[in-house]
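The block underneath contains the structure these notes are about, expressed in structure tokens.
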Amino acid sequence: KILFSLQQNSAMKKKHLLLDLGQVLLPLSEEKCILAFSEITANEELLHQKNLFESIERGELTPAEFRAEVQKHLWRKVYPGEIDAAWNALVLEMDPEVTRWLKRMKKFYQIHLVSNINTIHHKYIVESMGPFNYKQFIDCFTHLFLSYEMGTRKPESEFFTHVLDTLGCEPGECLFVDDREDNLQAAQAMGIEGIPFTLEEGSILDLDKALSALH
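So for the sequence shown, our numbering puts the first residue at 1; every next one is plus one.
Here it is as structure tokens:
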């Protein structure tokens, strides 16, 4: 399902490919994360702490502060590592084909990572991929736009303004891939065209087909 019509013959060529991380390049499992938290006695109220999870994504909370807030929703005292393990259960293993695909895409675009992410997950991704594979992956990107470093997150307009200012480009020069409709709509409001995509419904090869039609 394409939310926004892509103007293949538009006057402005797409130079920049903005890629989300979670559910676009890296599979996630909310179900496994919820189960992991339940196993350390989290109450249901934790699931509704939207501000807590958004705050750590903006870098407004340190990992220690985040763990302290989570602990308030647990029925027993747990070690910090147990909270991290439950939180990291959200993150699944990346398909090695993703990095190979990114290397091919570099022939057509400058590629940039645009992710709502926090320090705990970022550290876990680096460790789980290993130094060699992580470097191969991250070297595919010209810029990393990580919410916890920027102090803003998608779909906030400040996030996209920062991206455009850093790249020094017009919105029409960018193509944005994300799994969330609210993020795509916010980008569209600023003139950035988008492709909706999620690993829940397809593989990286399906995204490859969608983008291949444009170049």
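No residue lacks a Cβ here, since even glycine has one placed at the ideal position from N, Cα and C.
Model, not experiment: these values are computed from the prediction.
Outcome for residue i when other beta-carbon atoms lying within 10 angstroms are tallied against a minimum of 16
| i | result |
| --- | --- |
| Arg100 | exposed |
| Arg67 | buried |
| Leu217 | Outside the displayed range of the chain (1 to 215) lies residue 217, so it cannot be described from this structure. |
| Lys209 | exposed |
| Lys107 | exposed |
| Glu193 | buried |
| Ser147 | buried |
Helix, strand or coil at residue i according to DSSP, with G and I counted as helix
| i | result |
| --- | --- |
| Cys33 | helix |
| Ile192 | coil |
| Leu26 | strand |
| Leu146 | strand |
| Leu6 | No answer about Leu6 holds up, because its pLDDT of 48 lies below 50 and its placement is not dependable. |
| Leu19 | strand |
| Ala11 | With a pLDDT of 41 at Ala11, under the threshold of 50, the predicted position of this residue should be treated as unreliable, though the coordinate-derived value follows. Residue state, collapsed to three classes: coil. |
Contact check, residue i vs residue j, beta carbons under 8 Å
| i | j | result |
| --- | --- | --- |
| Leu113 | Leu90 | no |
| Val98 | Leu205 | no |
| Asn221 | Trp87 | Absent from the structure is residue 221, since the part of the chain shown begins at 1 and ends at 215. |
| Trp196 | Glu173 | Contrary to the premise, residue 196 reads as Pro rather than Trp in this sequence. Not closer than 8 Å, so no. |
| Gly22 | Glu149 | no |
| Met105 | Met129 | no |
| His73 | Leu167 | no |
| Phe176 | Leu164 | no |
| Asp179 | Thr152 | no |
Proximity test, residue i beta-carbon vs the ligand ADP heavy atom, cut-off 7 Å
| i | result |
| --- | --- |
| Glu39 | As far as ligands go, the structure on display features none, and thus does not contain the ligand ADP. |
Beta-carbon proximity list for residue i, same chain, < 8 Å, skipping 5 on both sides
| i | result |
| --- | --- |
| His121 | Trp87, Asn88, Leu90 and Val91 |
| Ser157 | Ala186, Ala189 and Met190 |
Own chain, CB closer than 6 Å to residue i, minus 5 neighbours either side, in chain order
| i | result |
| --- | --- |
| Glu69 | Leu52 |
| Ile83 | Arg67 and Val70 |
| Lys154 | Asn116 and Asn183 |
Close Cβ partners of residue i (< 7 Å) along its chain, the five nearest in sequence each way excluded
| i | result |
| --- | --- |
| Phe141 | Ile111, His112 and Leu113 |
| Thr119 | Pro63 and Tyr148 |
CB contact below 8 Å: residue i versus chain B
| i | result |
| --- | --- |
| Ile56 | Absence of chain B from the displayed structure is noted, only one protein chain being present. |
* Going along the chain, which unbroken runs of the beta strand (DSSP E) with 3 or more residues stay wholly within the stretch 148-214? -> Qualifying beta strand (DSSP E) stretches, in chain order: 174-178 and 193-196.
- Every unbroken alpha helix (DSSP H) inside the stretch 65-144 [4 residues or more]: Entirely contained in the stretch 65-144, the alpha helix (DSSP H) runs reaching 4 residues are, in chain order, 80-88, 97-105, 119-129 and 131-138.
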